[in-house]
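Numbering (the working numbering), first residue to last: 201 to 469. Backbone N, C-alpha and C define an ideal beta-carbon position, used for all residues, glycine too. Owing to the predicted nature of the structure, the values given are computational and were not obtained by experimental measurement. Step one of this worksheet: look at the structure below.
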Ligand SMILES: [Zn+2]
């Protein structure tokens, strides 16, 4: 099972004061062009997105400098309504750790919850990689700065504006990798949760092991095994710079479109 926990970008909830995302048609086949081509304008904190330390800390890391292991790995989903206190945060971490999956490194709170400053300190002290919630910010909407500084100061990535209504509480494999945006304070992402049993065990195991996984699943997430794909997810390599890798493809595509007006031979980038 794959849970898409991402808002549609152009229909997303916009944080008060931020610009709205905008789709800008550049070429349309309905208007005689050989292809459709679209540009867009957006705030990096529109919709479902991740915050980098640079968002609230002038000397903090920008989004491209954070290792992908922050964004990809086991995560814990738990419903909470109202303020998340320090005691709540400690209890959530304990339940996540008891799953035996490593999910306590990435905490996703489901429902109308507001992270308190004290709870942020608990998560920061625990050294988690990521905290996410359904709000467009983390902390009180009228005063989110202190909570942001505590978490981002500890290089805890913030995943904001997710949608968890369809996701049962428990442990999953999260992927919310950002775009490789040099020097930026955040990035939109396509956040998904994968069922740990299906994706991290069954695909790489023999039939007998599948039976064991099914039995473990019936016992709840506490005994779910992590297979090779999950181990691999914690060892993702990040290129030092994406610029060299992408510029070649762009350079090839641009003349075909812009120079001759002819459609490129392959799909648009
Ligand atoms: Zn943000």
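Nearest-angstrom Cα distance between residue 404 and residue 373?
Position 204 of the chain shown, counted from the start, is the residue given in the question as residue 404. Position 173 of the chain shown, counted from the start, is the residue given in the question as residue 373. With a pLDDT of only 45 at residue 404, under 50, the local geometry of the prediction cannot be trusted, and the value read off the model is given with reservation. Their Cα atoms are separated by approximately 15 Å.
So if DSSP puts residue 240 in a beta bridge, which residue, or which two residues, is it bridged to?
Translated into the one-based positions of the chain shown, residue 240 becomes position 40. In DSSP, residue 240 forms a bridge with 223.
Whole alpha helix (DSSP H) runs in the stretch 308-371 with 4 or more residues, listed along the chain?
317-326 and 345-353
Using a Cβ-Cβ cut-off of 8 Å (strictly less than) and excluding sequence neighbours within five positions of residue 324, which residues of its own chain qualify?
Position 124 of the chain shown holds residue 324. So the list reads 350, 351, 353, 354 and 356, once near-sequence residues are dropped.
Are residue 278 and residue 309 close, meaning C-beta to C-beta below 8 Å?
Mapped onto the chain shown, residue 278 falls at position 78. Mapped onto the chain shown, residue 309 falls at position 109. It is a contact, given that the beta carbons lie within the stated cut-off.
Between residue 287 and the rest of its own chain, which residues show a CB-CB distance below 7 Å, the 5 nearest in sequence each way excluded?
Translated into the one-based positions of the chain shown, residue 287 becomes position 87. Within the same chain, residue 287 has no close Cβ partners at all.
Assigned secondary structure, residue 295 (DSSP; H/G/I helix, E/B strand, else coil)
Numbered from 1 along the chain shown, position 95 holds the residue referred to as residue 295. Three-state result, residue 295: helix.
Per DSSP, residue 203 forms a beta bridge with which residues?
Here residue 203 refers to the residue found at position 3 when the chain shown is read from its first residue. In DSSP, residue 203 forms a bridge with 393.
Rounded to the nearest angstrom, what separates residue 394 and residue 381 at their Cα positions?
As a first step, residue 394 must be located in the chain shown, where it is residue number 194. As a first step, residue 381 must be located in the chain shown, where it is residue number 181. Going from the Cα of residue 394 to the Cα of residue 381 covers about 25 Å.
Within the present structure, is the beta-carbon of residue 386 separated from the nearest heavy atom of ligand 1 by less than 7 Å?
Start at 1 with the first residue of the chain shown, and residue 386 comes out as number 186. Answer for residue 386: yes, Cβ within range of ligand 1.
Quick one: residues in its chain with C-beta nearer than 7 Å to the C-beta of residue 229, no 5 flanking neighbours on either side, listed in chain order?
For the purposes of this step, residue 229 is taken as the residue at position 29 of the chain shown. Closer than 7 Å at the Cβ level, and outside the excluded window around residue 229, lie 235 and 236.
Can residue 204 be considered in contact with ligand 1, in the sense that its beta carbon sits closer than 7 Å to one or more heavy atoms?
In the chain shown, counting from the first residue as 1, residue 204 sits at position 4. It does not: the Cβ of residue 204 is nowhere closer than 7 Å to a heavy atom of ligand 1.
Name the two residues that bound the continuous beta strand (DSSP E) containing residue 278.
Your numbering for residue 278 matches position 78 in the chain shown. Per DSSP, residue 278 belongs to the beta strand (DSSP E) from 272-279.
Closest to residue 378 by CA distance: which of 348, 206 and 201 is it?
As a first step, residue 378 is located in the chain shown; it is residue number 178 there, counting from the start. When each option's Cα is compared against that of residue 378, the closest is 206.
Could you tell me whether the stretch 287-305 touches the stretch 253-266, using the rule of 3 or more Cβ pairs below 8 Å?
no
Rounded to whole angstroms, what is the Cα-Cα separation between residue 339 and residue 347?
The residue labelled residue 339 in the question sits at position 139 within the chain shown. The residue labelled residue 347 in the question sits at position 147 within the chain shown. Distance between the alpha carbons of residue 339 and residue 347: 6 Å.
Going by the CB atoms, is the gap between residue 284 and residue 314 shorter than 8 Å?
Position 114 of the chain shown holds residue 314. Position 84 of the chain shown holds residue 284. In contact: residue 314 and residue 284 (Cβ atoms closer than 8 Å).
Using DSSP bridges, identify the partner residues of residue 249.
Walking along the chain shown from the start, residue 249 turns up at place 49. In DSSP, residue 249 forms a bridge with 360 and 388.
Going by DSSP in three states, residue 218 sits in which element: helix, strand or coil?
For this step, residue 218 is matched to residue 18 along the chain shown. If DSSP states are grouped into helix, strand and coil, residue 218 belongs with coil.
Determine the contact status of residue 389 and residue 244, defining contact as a CB-CB distance below 8 Å.
Taking the first residue of the chain shown as 1, we reach residue 389 at position 189. Taking the first residue of the chain shown as 1, we reach residue 244 at position 44. No, Cβ-Cβ distance for residue 389 and residue 244 is not below 8 Å.
Check this for me: beta carbons of residue 274 and residue 295, under 8 Å apart or not?
Position 74 of the chain shown holds residue 274. Position 95 of the chain shown holds residue 295. Result no, Cβ atoms of residue 274 and residue 295 do not sit closer than 8 Å.
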